[in-house]
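Please read the structure below before turning to the comments.
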Amino acid sequence: MLTRKVNDRLLPFQGLTSAQVKLNREKYGANILTPPEREPLWKLFLAKFEDPVIRILMIAAAIAISVGIFEGEYAEGLGIVAAILLATTLAFANEYKASKEFDILNQVYDEVFIKVIRDNSFTTVKRKDLVFGDVVYVEQGEEIPTDGQILEEISLEIDQSKITGEAEPVKKLTQSDAENQGIEEGTYPAYKIYRSTIVEQGEGYFEVTAVGDNTEIGKLATAITSIENTQDTPLNHQLEKLSKLIGVVGLGFAGFTFVSLLVRGFVTKELSLSSQQWYVVGLSIISVLIALSRVWLPVVYDGLELAGSKLAAPKWLENNSFLSWLKRVGIVLVFFTIGLGLGYPLGLIPSSINSWVTSSVAKALLHYFMVAVTIIVVAVPEGLAMSVTLSLAYSMKKMAASNNLVRRMHACETIGSATVICSDKTGTLTQNQMRVYEVNFPSLNSQLLPALKDVKGLIAEAIAVNSTADLEKKPLQPSRPIGNPTEGALLLWLDSQDIDYISYRGNFQIKSRMPFSGHQKYMATIGISSVTGEDVLYVKGAPEVILERCSQILTEQGLESLKNKAAIASAIKEYQKRGMRALGFAYHNVSQHSSQTNLDELAHDMTWLGFVAISDPLRPEVPDAIQACLRAGIEVKVVTGDNSETAKEIARQIGLWQEEDDFNSGYLHLTGQQFAQLSDEEANQAVLQLKVLSRARPLDKLRLVKLLQENGQVVGVTGDGTNDAAALKQAQVGLAMGSGTAIAKEASDIILLDDSFHSIVNAVVWGRSLYLNIQRFILFQLTINVVALGIALIGPFIGVALPLTVTQMLWVNLIMDTFAALALATEPPHLSVMQHSPRNPQAFIVTKAMAQNIFTVGLAFLIFLVGFLRYIRRDGEITPYELSVFFGVFVMLQFWNLFNARCLGLKQSAFKGLSKNKGFVAIAITIFVGQILIIQFGGNVFRTVPLSFVDWISVIVGTSTVLFIGELWRFIMRLKLKSHLRESY
685 MLTRKVNDRL
695 LPFQGLTSAQ
705 VKLNREKYGA
715 NILTPPEREP
725 LWKLFLAKFE
735 DPVIRILMIA
745 AAIAISVGIF
755 EGEYAEGLGI
765 VAAILLATTL
775 AFANEYKASK
785 EFDILNQVYD
795 EVFIKVIRDN
805 SFTTVKRKDL
815 VFGDVVYVEQ
825 GEEIPTDGQI
835 LEEISLEIDQ
845 SKITGEAEPV
855 KKLTQSDAEN
865 QGIEEGTYPA
875 YKIYRSTIVE
885 QGEGYFEVTA
895 VGDNTEIGKL
905 ATAITSIENT
915 QDTPLNHQLE
925 KLSKLIGVVG
935 LGFAGFTFVS
945 LLVRGFVTKE
955 LSLSSQQWYV
965 VGLSIISVLI
975 ALSRVWLPVV
985 YDGLELAGSK
995 LAAPKWLENN
1005 SFLSWLKRVG
1015 IVLVFFTIGL
1025 GLGYPLGLIP
1035 SSINSWVTSS
1045 VAKALLHYFM
1055 VAVTIIVVAV
1065 PEGLAMSVTL
1075 SLAYSMKKMA
1085 ASNNLVRRMH
1095 ACETIGSATV
1105 ICSDKTGTLT
1115 QNQMRVYEVN
1125 FPSLNSQLLP
1135 ALKDVKGLIA
1145 EAIAVNSTAD
1155 LEKKPLQPSR
1165 PIGNPTEGAL
1175 LLWLDSQDID
1185 YISYRGNFQI
1195 KSRMPFSGHQ
1205 KYMATIGISS
1215 VTGEDVLYVK
1225 GAPEVILERC
1235 SQILTEQGLE
1245 SLKNKAAIAS
1255 AIKEYQKRGM
1265 RALGFAYHNV
1275 SQHSSQTNLD
1285 ELAHDMTWLG
1295 FVAISDPLRP
1305 EVPDAIQACL
1315 RAGIEVKVVT
1325 GDNSETAKEI
1335 ARQIGLWQEE
1345 DDFNSGYLHL
1355 TGQQFAQLSD
1365 EEANQAVLQL
1375 KVLSRARPLD
1385 KLRLVKLLQE
1395 NGQVVGVTGD
1405 GTNDAAALKQ
1415 AQVGLAMGSG
1425 TAIAKEASDI
1435 ILLDDSFHSI
1445 VNAVVWGRSL
1455 YLNIQRFILF
1465 QLTINVVALG
1475 IALIGPFIGV
1485 ALPLTVTQML
1495 WVNLIMDTFA
1505 ALALATEPPH
1515 LSVMQHSPRN
1525 PQAFIVTKAM
1535 AQNIFTVGLA
1545 FLIFLVGFLR
1555 YIRRDGEITP
1565 YELSVFFGVF
1575 VMLQFWNLFN
1585 ARCLGLKQSA
1595 FKGLSKNKGF
1605 VAIAITIFVG
1615 QILIIQFGGN
1625 VFRTVPLSFV
1635 DWISVIVGTS
1645 TVLFIGELWR
1655 FIMRLKLKSH
1665 LRESY
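Residue 775 in the numbering used here is what sits at position 91 of the sequence shown, and the numbering runs on without skipping anything.
Below, the structure written as structure tokens:
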């Protein structure tokens, strides 16, 4: 007899009421783990002073202030102190901001929806909203959201490796079953499950016994998060190499400049010293070198490493604590004392301390030291790593807003260099809104079966017991599927037939279940049927697989021999050709005395019940997204468990499969079985041509990814099931569906929150734009490096002691590192990046075109500025006013060049889209206004005097030619491109 829908639905458990939920939340708390305690902000701030460059500046400030005490002039020293505080404060603020950006990734796991029973009805709630006493349903591939006790289970096995370290899954039972079977307790009781463990197999209900910090993993304070935001990336390695190279060049320049100035001072008699005084000076210089060994010695080892040396730096260099610096000061004092002790008896030291070094020589040596420090300050790119972190954090936040939740930092950059994307069909290319389009059960409306009075009941039971999905029912709202979309479609069809699936599922006494397997292509459940009263095996899955295992068919006339398999297969294929998914159903009456427990062995000589055709419309944005990938040089391969006809039809609809491919497919389409039979040599050739891989098993997908990687491809893979985990892990970028299992998400690098292929295209655009933004920053920074190093080196030799003071250089450094990073890192993505082929991930980040730009523009700036210095010194003197003008010209040249750097990789005007990047505009205004304020009010601290309005107009307009030359160049490039396009047509 058909069971109709009634108000009191037959659920295995009633669950909590809304009132109980509220009460338990107040009593036991929310299901949120308290985040680990962070370092206090003051400690994080003080850590910024451990930077070696900051230490050098602190020493320079101490020396400058000490000299100032004798001369009554403190401005220079106080200016350096102010600059140090500004640099460390900004570095701290930016790092704190970047860490906050990453927090969004940790919070998303508390937003995952969990299936529960409340108020005697199935529903879903966020993980964080689970409370003590909730009844939760879990199935294969899901992560356990809280601690709990098993209420009911079917073949439930849990991977507890996250809390025990044991890789072997553990069988879970109810407490009564565990006691009756005499199960020995392992690390944890067999009837309890724990937060963060994974359902390896089966399904079950459990009652929540602990939430949040009271869970086992909460007590142990070992909360498992999947975010690996500290992972080194290929980009980081490249930038580290670049930083080392710049550091070596900077130190080399500084050392060469210092020695050159010593020689120049000796030749020009600026350093007029006796042999005794030279001994004291030499002793002092060596002492300073020992004191600063933590600064320059690592750079020396970096240089040796870049030259190919295997010589490792000593471990004591890694200790950068304050105590370590004090020890070195102690060593210096000992060394200096020994030097003095040996010098006095040998007559190498003047008898009077006042005559050790004259004040003029001391000032000259301090000046040389300041020049060397200035060069190091300019050269060392201490803000580069921070800039990349900001870029990544910004991109990750924006990608999350466009439905790409980045779990691992390297994915941000790697997805931009992807050359192949292996995409699932269901949910990714299609809408994942499954609905039954057609049912074909020959016996459905039969009234002629005396041996089986309830045929509809048999079909309903076959669907209900082989499903882990559910329907959420709310008053005045349509039923909503919860769980697997395909199974949800079947339950919606039952609901439309006025059949309550819960009654059939609840009254079926399950004995064993074999979950769906990508290898077998079906699932099976055995138990005592409420329809027949006997033991029945129900099977659901790929119709062609199940059909081959059937020998009988249930028709309107009753059981008949299955002789028309070809006709049934042909009917199924017609639906599949139209892009629909077909599911077959069969059953087998099993003797109660059968000793066979292997359901796969039992699933033979079955009775064919029929099949259903389920439609899943194509996502409307997918065809355009596929074409965008193809134009960008990214191949797309459809890898699906569906049959060949459905897979090819979807490929045709998205524009991947062409008409001629039907006649000369070659390796364009393969089934999983055909692919598995290919030798490695043949498969290596096949993967390059392949467009569609149908009936793919997990190992087929994994093999495809490996072979593509062996061919030098950068592979992105989509997946949603537990069986996709291996391929997701193997791929350079694993893209899990937001609706996928916890195991698939854990193996992935990016989670597609909306399951859409279009989001993959968005990720590629962001990945390519991110890399380009970092290149823009490097281009801008290295151009200033070339100019500033040249000026600092050449200035003293053309009679200008310090063209730019240390304080001024710190402002320039601030512009280079922090402001430029913020301005260029937040440049919105340009769709034009999809007009180029993927980059080589091993290619050096500084391209040939960038290097040419850096040295061309940098040398042009240097020649102009050296000429300008010589011009303003034409009368043999240089005034503070002239040096203020020079400082203004230097910074404004870089200011206008910032706009040119924004256009790297583009031929558009620097002003195009400027209004969309408010961050860039704000930073540009800050630099512009800041420069004017520093010169007008900097005084002795910045060695400036106020300029007139006319002076400023002259400086601003004169230096703006840099931008307009860039604009003219890009205009010419656009004309050439248009001309080329006309010729090609």
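C-beta atoms are modelled at their ideal positions from N, C-alpha and C, and glycine is treated no differently.
From a predicted model like this one, the values you see are computed outputs, not experimental measurements.
Span separating the alpha-carbon of residue i from that of residue j
i	j	result
T893	V1399	43 Å
V972	F1548	36 Å
V1090	W1495	35 Å
L1659	K1591	10 Å
F733	T772	7 Å
I716	K706	16 Å
F1441	C1313	10 Å
L1506	D1404	36 Å
V965	S1039	12 Å
T1510	Y1259	49 Å
I1529	N1446	22 Å
T1042	Q960	12 Å
T1170	A1367	32 Å
L835	K1157	23 Å
I1256	E863	49 Å
T1563	L1076	45 Å
L1598	E1651	14 Å
L1352	S1328	12 Å
L1647	D1635	19 Å
K928	L988	10 Å
E833	A1409	In the sequence on display, residue 833 carries Gln and not Glu. Going from the Cα of Q833 to the Cα of A1409 covers about 28 Å.
V979	I930	14 Å
E912	S1443	Below a pLDDT of 50, predicted positions are generally treated as unreliable, and E912, at 39, falls in that range; the measurement from the model is reported next regardless. Computed Cα separation, rounded: 22 Å.
L1132	V1229	Its pLDDT being 49, under 50, L1132 is placed unreliably in this model, and the value from its coordinates should be taken loosely. If you take the alpha carbons of L1132 and V1229, they lie about 29 Å apart.
K1385	N1088	23 Å
V1401	E827	22 Å
P696	G1190	7 Å
Outcome for residue i when other beta-carbon atoms lying within 10 angstroms are tallied against a minimum of 16
i	result
M1657	exposed
A1420	buried
P1304	exposed
N1348	exposed
E1561	exposed
L1661	exposed
S1275	exposed
Q1519	exposed
R1460	buried
L995	exposed
A905	In this prediction, A905 has a pLDDT of 47, which is less than 50 and means its spatial position is unreliable; nothing more can be read from the coordinates.
F1633	exposed
Residue i - partner residues in DSSP beta bridges
i	result
P1165	L1155
K1224	M1207 and F1269
Y1052	According to DSSP, which records beta bridges pairwise, Y1052 is partnered with nothing at all.
M1292	Note that residue 1292 is Trp in the sequence shown here, rather than Met. Note: W1292 sits in a beta bridge opposite I1237 and A1270.
H1353	V1376
M1198	A1208
T808	K799
N1088	L1436
Closer than 7 Å: residue i CB and nearest the ligand NAD heavy atom
i	result
L935	The ligand NAD is absent from the structure shown, which contains no ligand whatsoever.
| Given 8 Å, three or more beta-carbon pairs between the stretch 1574-1585 and the stretch 1447-1467 | With a cut-off of 8 Å, the stretch 1447-1467 and the stretch 1574-1585 count as touching, because enough Cβ pairs lie within range.
Pairing CB atoms from the stretch 1138-1148 with CB atoms from the stretch 1452-1461, are three or more of them under 8 Å? no
In chain order, which continuous runs of the alpha helix (DSSP H) of length 4 or greater are located wholly inside the stretch 1368-1449?
-> With a minimum length of 4 residues, the continuous alpha helix (DSSP H) runs that stay inside the stretch 1368-1449 are 1382-1394, 1409-1414 and 1426-1431.
> Quick one: any contact between the stretch 1174-1183 and the stretch 1238-1247, if contact means 3 or more CB pairs under 8 Å?
Replying inline: no
Three CB pairs or more closer than 8 Å across the stretch 1466-1483 and the stretch 1606-1625 = No, they do not touch.
*asked:* When you compare the stretch 1141-1155 with the stretch 1100-1108, are there three or more beta-carbon pairs, one atom per stretch, that lie closer than 8 Å?
replied: no
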